[in-house]
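Here the structure is laid out as structure tokens; the discussion comes afterwards.
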Ligand SMILES: [Zn+2]
Ligand SMILES: [Zn+2]
């Protein structure tokens with residue numbers, strides 16, 4: 031099924047601010063069923079000299095999906111349809127063929143995946159990534175990067191409000207927080223070699239808050255959150271992965287969060303990685319990618335100027351981008 035018009039090289043790259051020197055490692059396209067960007071727009075932007083990368087939601091393993099019907103809520107699939115994966119790969123390859131000779135890095139295209147870690151399914155998930163990579167390779171390309179992500183714990187999709195409310199009726203918010211960070215940690219351990227960066231670590235505070243638990247105002251809950259987050263940062267410090275500073279958090283409704291130490295800037299909402307954690311992670315030597323997690327045109331590199339200034343203030347000299355599954359330092363100018 032063709033979702034997009036055939037790529038036309040005369041097409042202009044969309045107008046995206048070229049924000050200082052920070053690559054955007056996280057964009058979505060129509061192929062994931064809940065975003066509105068065209069693949070071609072992102073690639074055209076990349077070729078126009080803006081470092082932006084597609085990190086598309088990979089399909090969930092079919093064995094995992096088979097068990098979802100038993101849950102007391104509708105299971106919304108946030109990923110490419112498995113049947114369409116081939117078309118997406120062909121699309122990436124077609125782009126590559128058309129732009130050969132134009133690409134700034136001829137051997138790399140900015141196509142990667144956001145790969146869901148699901149407890150108990152590590153083997154199946156690796157197979158999904160391998161199959162995408164092998165088809166790309168047959169066509170002279172390869173998977174550029176993998177961002178690992180936790181969107182589910184105990185089979186419950188955390189981004190579904192009803193499912194989240196269900197989960198919070200079954201277990202305490204403290205346990206949800208601890209299980210979430212534990213799942214991120216296990217993901218990194220079990221998916222070794224399949225994780226260049228962790229996507230939006232810590233987003234659980236947004237999801238819990240959205241489900242009505244108001245954890246920002248609750249001393250105990252936010253204490254559990256910060257402790258679990260710091261433990262997770264300690265764990266990642268010794269691993270060969272980057273943590274993503276995901277600027278979609280700055281779009282959300284955390285402006286009135288009472289925790290001053292979480293905000294980058296008093297007039298703005300705070301990010302998924304609270305300022306307090308960001309400073310801690312820098313001290314522990316953690317490496318970062320930055321991603322706007324854009325799903326709609328116009329969201330590329332959102333708030334990158336702000337992140338740029340904060341990182342500079344904190345003495346960070348470089349962030350990372352991924353090129354052919356290798357971490358490449360990019361100096362912050
Ligand atoms: Zn998404
Ligand atoms: Zn994403």
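Residue numbers (my numbering): 31 to 363. Think of the CB as a built atom: it goes at the ideal place given N, C-alpha and C, for glycine as much as any other residue.
Assuming residue 56 and residue 276 are in contact, meaning their beta carbons sit under 8 Å apart, how far apart are those beta carbons, in whole angstroms?
7 Å
Under the rule that 16 or more other beta-carbon atoms within 10 Å means buried, what is residue 171, buried or exposed?
buried
Cβ-heavy atom distance between residue 323 and ligand 2 below 7 Å?
Checking every heavy atom of ligand 2 against the Cβ of residue 323, one is found closer than 7 Å.
Beta-carbon within less than 8 Å of residue 110's beta-carbon, same chain only, minus the 5 sequence neighbours each way: which residues are those?
Within its own chain, the residues whose Cβ lies closer than 8 Å to the Cβ of residue 110, once the five positions on either side in sequence are excluded, are 61, 62, 63, 86, 87, 88, 89, 118, listed in chain order.
By Cβ distance below 6 Å, which residues in the same chain neighbour residue 144 in space, the five residues on each side in sequence not counted?
Contacts found: 85, 87, 177, 179, 229.
How many whole angstroms separate the CB atoms of residue 206 and residue 238, which I take to be in contact at a CB cut-off of 8 Å?
6 Å
Please identify the residue among 197, 162, 98 whose C-alpha is closest to the C-alpha of residue 122.
162
Considering just the uninterrupted stretch of the beta strand (DSSP E) at residue 162, what are its terminal residues?
Counting along the chain, residue 162 falls outside any beta strand (DSSP E), though it belongs to the alpha helix (DSSP H) covering 152-168.
Residue 198, enclosing alpha helix (DSSP H) - first and last residue:
191-200
Please report how far the alpha carbon of residue 251 lies from the alpha carbon of residue 288, in whole angstroms.
13 Å
To the nearest whole angstrom, what separates the beta carbons of residue 262 and residue 211, a pair I think is in contact under 8 Å?
With 8 Å as the limit, residue 262 and residue 211 qualify as a contact, their Cβ atoms being about 5 Å apart.
Relative to the C-alpha of residue 59, which residue among 245, 249, 328, 92 is closest?
328
Could you check where the alpha helix (DSSP H) with residue 2 kicks off and where it finishes?
Outside the displayed range of the chain (31 to 363) lies residue 2, so it cannot be described from this structure.
Return yes when the C-beta of residue 235 is under 7 Å from any heavy atom of ligand 2, and no when it is not.
no
In terms of alpha-carbon separation, which member of 346, 324, 321 lies closest to residue 313?
Of the candidates 346, 324, 321, the one whose C-alpha sits nearest the C-alpha of residue 313 is 346.
Say the cut is 7 Å; is the CB of residue 193 nearer than that to a heavy atom of ligand 1?
no
Relative to ligand 1, is the shortest distance from any of its heavy atoms to the C-beta of residue 364 smaller than 7 Å?
Residue 364 is absent from the model: the chain starts at 31 and stops at 363.
Tell me the DSSP secondary structure of residue 245 in three-state form.
coil
Please classify residue 208: is it buried, with 16 or more other beta-carbons within 10 angstroms of its beta-carbon, or exposed?
buried
Find the nearest neighbour of residue 181 within the set 309, 200, 199, 231, judged by alpha-carbon distance.
231
Extent of the continuous beta strand (DSSP E) to which residue 273 belongs:
272-276
Three-way DSSP call (helix, strand, coil) for residue 227 in this model:
Looking at residue 227 - three-state DSSP - the assignment turns out to be strand.
To the nearest angstrom, report how far apart residue 248 and residue 101 are at their CA atoms.
29 Å
Go ahead and label residue 361 buried or exposed: buried means 16 or more other beta carbons lie within 10 angstroms of its beta carbon, across all protein chains shown.
exposed
Does the Cβ of residue 108 lie closer than 7 Å to at least one heavy atom of ligand 1?
yes
Quick check on the burial criterion: 16 or more other C-beta atoms within 10 angstroms. Buried or exposed for residue 184?
exposed
On the three-state DSSP scale, how would you describe residue 287?
coil
Alpha-carbon spacing of residue 336 relative to residue 82, whole angstroms:
17 Å
Exposed unless 16 or more other CB atoms sit within 10 angstroms - verdict on residue 108
buried
Hey, would you say the C-beta of residue 338 is under 7 Å away from at least one heavy atom of ligand 1?
no
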